[in-house]
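Data block below; observations after.
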Amino acid sequence: SGESGAGKTESTKLLLQHIMNLCKGNLQLEQQILQVNPLLEAFGNAQTVMNDNSSRFGKYIQLRFQKNTVRGAKLSEYLLEKSRVVQQDTGERNFHIFYYMFAGLSSEEKEMYGLLDPSLYRYISGRFGTQDVAQRWKQKYQEVCNALDMVGFQEQEQVDMQAILAGVLSLGNVTFEPDEWDGSVKVSEASRGWLKAAAVKVNVLSQLVCCVPCSPCSPSVSCCCLCADARDSIAKVAYGRVFGWIVCKINELLAENVDPEVELSEIGILDIFGFENFAVNRFEQLCINLANEQLQHFFNHHIFQMEQAAYKEEELPWETITFNNNEPILNLLLAKPLGLLSLLDEQSAFPQATDKTLVDKLNSSFKGNLHFQPGRGHVLGFSIIHYAGKVQYTAGGFLEKNRDTLPANVRGLFINSITPLLSLLKLQDIAHQTLAVLWLARLLIFLCPRQHSLMMLMERMYSANPHFVRCIKPNSQKEPGVVDSQVVLLQLRYNGLLETIRIRRDGFSWRPSFEEFAER
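Under full-length UniProt numbering, the residue at position 191 of the sequence shown is numbered 191, and the numbers go up by one with no gaps.
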């Protein structure tokens, strides 16, 4: 764990290499486990203002052992930041794979996929890079292709995958305008070429995006906005499905080939997105920071509460060490029925609710709470005093993102797609759960709630023997070889590492069994 850009993903890779080096065994499997990283980073990482290679999803890697030899592995991914596909803030980029494609595809391949100059695409904000950067991206693209081959993607599957990515970019350039004849909304004449490039039939998309209710005050403007939302929903779903499919293929490759009756031991490694505090913080940052609050609480529970309880139980002379307990912040966020996420779910259930009614509700519910501050001035938002500091959140889009709704016709559009892969990835029935519930179930306990209950996973998490790797960011400028003492000290303080050093120094950090002790 650690801030965004502190080195969690790089530490995970080094840890994997170290474990593989220690347990000499199936060399091919070990290489495969290490080689899937370029693939995951290309599709799941992006440049942010805090980190040039920021993980925009969480991953939990389970290494399975038999007699100290790795026999298989499983990767669980949760909550890819799909909103990045359709929008990035100043100084940020879309997922790496889009830029790698533009740099690595030949002119003939670009023509086949209908790709034009990268500056034309709204979803990558017209930003590309220098010649040096493009050359580096070209090499990365080749690494991705090699990894796709290694994981076992057929040539046609790779073609379909890139066709979908190209289609997503083209779809982002589709715009809408009012029809002069009947006041309905249609795809603008200027963007019909983009629609064709996105390989979606005009009438299908028109039906998809136009069966939405319009505001009586400004019907054309309202409908055009809703159509744009529907377009972006399709793009996010398509990208998310491709990413999930990649993870499934990786797991097929890495699955252990042993008798099901054989009991395997396991090491799990969690690489989660770090605490974030940007100039503009949205729903995604709240969810990410909530996950980090839970990890900090998990850390406190093991390092301070369990440790000191053991000393008291054994009646050792011990002066209690106080620590910064973040339970009040978790209560603010998670309590039922009046925690922030419960109130967000409640507002999401009301069709007439708006982001403003949500903020009004939060302001009245948390008045006087030391960890909550109402927004100032005309900004629609609020601030939370997290364990790592104060973060101001912009509330615009909270309800829409929490509902995570899709137009009813999307399913048919995917099933009828001319791209076989998209048809294969057709939408499954979506449970009527808001994203806040899914964030809780997935983020806090690593795995998908549809496969395991929340309670079982929490049990598993707390029954494991955890080891914490705390990553410290040396400076805020993304510069190598520079240590900013104040930046480092701030992290040591809010992570509770100064208290951890004290409990390790004053306590009993080496715990031999009686047999070990007697033998020694």
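For glycine and all other residues, C-beta sits at the position ideal for the given N, C-alpha and C.
A quick note: this is a predicted structure, and the numbers were derived from the prediction, not measured.
| query | result |
| --- | --- |
| Helix, strand or coil at R380 according to DSSP, with G and I counted as helix | Note that residue 380 corresponds to Leu in the displayed sequence, not to Arg. In the structure shown, L380 sits in coil (DSSP, three-state: anything other than H, G, I, E or B). |
| Spatial distance of K336 from E293 (CA atoms) | 17 Å |
| Proximity winner among R403, G5, T394, Q154, relative to E346 (alpha-carbon distances) | R403 |
| Bridge partner(s) assigned by DSSP for A238 | According to DSSP, which records beta bridges pairwise, A238 is partnered with nothing at all. |
| G2 CB to nearest heavy atom of the ligand NAP below 7 Å | With respect to the ligand NAP, the structure shown offers nothing to examine, as it has no ligands at all. |
| Continuous beta strand (DSSP E) stretch holding I267: start and end | 265-271 |
| Sufficient close CB pairs (3 or more, under 8 Å) joining the segment 88-103 to the segment 57-65 | no |
| Nearest to S364 (by Cα), restricted to the options P351, G377, G339 | G339 |
| Where the alpha helix (DSSP H) through I321 begins and ends | Taken as a continuous stretch (DSSP letters only), I321 belongs to no alpha helix (DSSP H), as it is neither H nor E. |
| Check whether V359 and L333 have beta carbons under 8 Å apart | no |
| Short Cβ contact (8 Å threshold) for S485 with F273 | no |
| Stretch pair the segment 276-296 + the segment 472-485: three plus CB contacts closer than 8 Å | no |
| Exposure of D271, with buried meaning 16 or more beta-carbon neighbours within 10 Å | buried |
| Between the CA atoms of R493 and A163 - distance to the nearest angstrom | 48 Å |
| Beta-carbon proximity check, L165 vs Q158, cutoff 8 Å | no |
| Sufficient close CB pairs (3 or more, under 8 Å) joining the segment 249-257 to the segment 69-76 | yes |
| Sequence-distant residues of its chain with Cβ nearer than 6 Å to E177 (five each side left out) | S188 |
| Helix, strand or coil at N53 [DSSP, three-state] | coil |
| Helix, strand or coil at K478 according to DSSP, with G and I counted as helix | coil |
| Cβ distance (whole Å) where K186 is taken to contact A42 below 8 Å | No, K186 and A42 are not in contact; Cβ-Cβ is about 36 Å, not under 8 Å. |
| Burial state of K8, where buried means 16 or more other Cβ atoms lie within 10 Å | buried |
| Residues of its chain near W194, where Cβ-Cβ distance is below 7 Å and the 5 sequence neighbours each way are ignored | S170, N173, V174 |
| K24, buried or exposed, once every other Cβ within 10 Å from all chains shown has been counted against 16 | exposed |
| Contact set for Q491: own chain, Cβ-Cβ below 6 Å, skip 5 residues either direction | I472 |
| First and last residue of the uninterrupted beta strand (DSSP E) at S76 | 69-78 |
| Residues near F243 in its chain [Cβ-Cβ closer than 6 Å; skip 5 each side] | F43, L80 |
| Spatial neighbours of V487 in its chain, beta-carbon cut-off 8 Å, leaving aside the 5 residues before and after | K473, P474, N475, S476 |
| At least three beta-carbon pairs within less than 8 Å, the segment 494-513 to the segment 300-320 | yes |
| C-alpha gap between N53 and E515, whole angstroms | 47 Å |
| Under 8 Å between C-beta atoms of Y387 and N331 | no |
| CB contact flag (L75, I61, <8 Å) | yes |
| A431, DSSP secondary structure in three states | In this predicted model, A431 has a pLDDT of only 39, less than 50, meaning its place in the structure is not dependable; the value taken from the coordinates is given anyway. Three-state result, A431: coil. |
| Local conformation of P38 per DSSP, three classes | helix |
| Element boundaries [beta strand (DSSP E), containing F517] | Note, F517: premise wrong, no beta strand (DSSP E); alpha helix (DSSP H) at 514-519. |
| Spatial neighbours of F57 in its chain, beta-carbon cut-off 6 Å, leaving aside the 5 residues before and after | G44, E77, L80 |
| CB of L34 within 8 Å of CB of M50, strictly | no |
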